[in-house]
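Asker: Per full-length UniProt numbering, the sequence shown starts with residue 1, numbered consecutively.
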Amino acid sequence: MAILILALVFLDEVLAAVAAGVWGGHVGVFLAVVMPIVVVLVWWAFASPKARWGGPVVRPLTKVIVFGLASAGLWAAGHHALAIAMLAFSVVINALAQMRSVRAAMDALGPTGETT
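(1) For the alpha helix (DSSP H) containing Lys63, name the first residue and the last one.
(2) Go through its chain and collect everything with a Cβ distance to Val13's Cβ below 7 angstroms, but skip five positions before and after it.
(3) Closer than 6 angstroms by C-beta to Val40: which residues in its own chain qualify, once you throw out the five before and the five after it? Chain order, please.
(4) Hey, would you say Ala20 sits closer than 8 angstroms to Val33, going by beta carbons?
(5) Applying the 10 Å Cβ sphere with the 16-neighbour rule, what's the burial state of Thr116?
(6) Since Gly54 contacts Phe46 with CB under 8 angstroms, what's their CB separation in whole angstroms?
(7) Compute the Euclidean distance between the alpha carbons of Ala2 and Met35, then round it to the nearest angstrom.
(8) From Leu82, Lys63, Ala104, Leu74, pick the residue whose C-alpha is nearest to that of Gly24; which is it?
(9) Assuming Val51 is part of the alpha helix (DSSP H), what are its boundary residues?
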């Protein structure tokens with residue numbers, strides 16, 4: 001069950017980048033390409049498990065900002081139902097990811113994602 005939750009957390013992260021691209025496409029082609037890259041770079045720098053500038057405050061704050069802005073971008077692009085669904089999914093799956101069993105499964109994964 002823990003691995004499924006972690007897979008859904010990853011899917012949520014990918015969906016945030018896609019949502020940024022949808023919003024960018026609503027504004028212009030350039031932003032449709034750039035915004036997903038910005039989301040991935042912000043995630044890599046501040047929210048990923050190995051984020052160089054992440055921490056107990058920065059990491060969750062970055063997640064709230066990224067998922068919130070991704071949902072707001074979908075809303076602004078006219079995809080209201082998707083915006084609400086994404087925000088609800090993000091809240092639920094990230095809450096489930098805080099369960100002790102899921103965190104233990106994540107800690108058990110080695111640096112390459114393989115079990116140690």
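Glycine is no exception: its CB is placed at the ideal position from the N, C-alpha and C atoms.
Answerer: Here's the rundown:
(1) 58–76
(2) Before going further, note that residue 13 is Glu rather than Val in the sequence given. If we look at Glu13 and ignore the five residues flanking it on each side, its Cβ neighbours are Trp43.
(3) Ala17
(4) no
(5) With a pLDDT of only 47 at Thr116, under 50, the local geometry of the prediction cannot be trusted, and the value read off the model is given with reservation. So Thr116 ends up on the exposed side.
(6) 5 angstroms
(7) 30 angstroms
(8) Leu74
(9) Inspection of the sequence shows that residue 51 is occupied by Ala rather than by Val. Here Ala51 belongs to no alpha helix (DSSP H), and DSSP marks it neither H nor E.
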